[in-house]
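S.K.: Its first residue numbered -17, the first sequence is counted upward by one per residue in this note's numbering.
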Amino acid sequence: METNFYEQVYALVRLIPEGRVSSYGAIARALGAGKASRMVGYAMRYAGLAQAPVPAHRVVNSSGLLTGKFHFSPPEQMAELLAAEGVVVENDKVRHFKQVFWDPLKEI
DNA sequence: ATCATGACCATCC
DNA sequence: AGGATGGCCATGA
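(1) Indicate whether the contact test is met: 3 or more Cβ pairs, each with one atom in the segment 43 to 50 and one in the segment 73 to 86, closer than 8 Å.
(2) F54 by DSSP, collapsed to three states: which one?
(3) With three or more beta-carbon pairs closer than 8 Å as the criterion, would you say the segment 79 to 86 touches the segment 2 to 21?
(4) In the DSSP assignment, find the unbroken alpha helix (DSSP H) run with R77 in it and report its ends.
(5) Leaving out the 5 sequence neighbours to the left and right, which residues in its chain are closer than 7 Å to E67 when beta-carbon positions are compared?
(6) Are there three or more Cβ pairs, one per stretch, closer than 8 Å when the segment 32 to 39 is compared with the segment 11 to 21?
Below, the structure is given as structure tokens:
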């Protein structure tokens, strides 16, 4: 079962529109735990176990790097999914990161 | 309560 | 550019 913290993370991640991405740190801050960015990634690991679908591929690190791509199967799926949504990924990182970046604090 | 873990972040070298 | 270090915090054993 998911804890409240994870629920918040999942809920926020699901709010990320297509063609947009967000960062662990931004999500953490949006939840009020700005320094718990690691927990966001931790939660993402459980995302696959979540009942509702979680677009974890839309979550990257502060540099737009696909840090968690190795958790997908296969790893390249992350970039593929992003590319399918119009997000340009090059060398495991998001191009025009600032443009496609979706800030929960700003949107919510 | 303590220890170890981690899909991070910032900084230093 | 790339590796190492410390910090921060939730989760589970």
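Positions of the beta carbon are idealized from the N, C-alpha and C atoms, including for glycine. These figures come from a predicted structure and were not determined experimentally.
M.R.: The relevant details are as follows:
(1) Yes: the two stretches touch, three or more of their Cβ pairs being nearer than 8 Å.
(2) coil
(3) Judged by pairs of C-beta atoms under 8 Å, the segment 79 to 86 touches the segment 2 to 21, as three or more such pairs exist.
(4) Secondary structure note for R77: it is in no alpha helix (DSSP H), with a DSSP letter that is neither H nor E.
(5) E0, G1
(6) no
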